[in-house]
């Protein structure tokens, strides 16, 4: 069973929501935009339905902001749909400092597929150093049982075209 499938089967809604957001980001990076937007919308909805108050439900905004940090062309319509889904699920945007108060592994895993240049942008947006972002990525790689970004595609489920 793939790692993401295991997480999608988890009864805990935050785990399922995060798995969907991670899969959406991976689909986004591989150009499967329709599937990416579907997964992003579903992930945000699962997190919104988790019953957590908006002030503690940071992962929907985290997924949306991670999505924005990845420089993939032709995403205007997809970004608009994703933002609409996010806003509908939590009602408003959290404050920037509040948005990234979630667990470090969530920050790292959602950005694991972003290009290296996006890591600098992520670090700036998070008010973290690039070294801190790299540290989070390395911890996520260890949890996934891989040694680096090049092996990430092997542990993510293939995208359906």
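Residue numbers (the numbering used here): 8 to 168.
The C-beta atom is built at its ideal place from N, Cα and C for all residues, glycine as well.
Quantities reported herein were computed from a predicted structural model and do not represent experimental measurements.
- When the beta-carbon positions are compared, residue 34 and residue 23 stay at least 8 Å from each other.
- Nearest neighbour of residue 21 by Cα position, chosen from 155, 157 and 53, turns out to be 53.
- Residue environment analysis places residue 31 among the buried positions, since at least 16 neighbouring C-beta atoms fall within 10 angstroms of its C-beta.
- Membership of residue 141 in the alpha helix (DSSP H) is indicated by the continuous run 137-151.
- Taking the CA atoms as reference points, residue 144 sits about 12 Å from residue 152.
- Excluding residues up to 5 positions away in sequence, 27 lie with their Cβ nearer than 7 Å to the Cβ of residue 49 in the same chain.
- Residue 155 is positioned such that its CB atom lies closer than 8 Å to that of residue 148.
- Counting every other CB atom within 10 Å of its CB across the protein chains shown gives residue 138 a total below 16, marking it as exposed.
- A residue is called buried once 16 or more other Cβ atoms fall within 10 Å of its Cβ, and residue 13, having fewer, is exposed.
- Taken through DSSP and simplified to helix, strand or coil, residue 31 comes out as helix.
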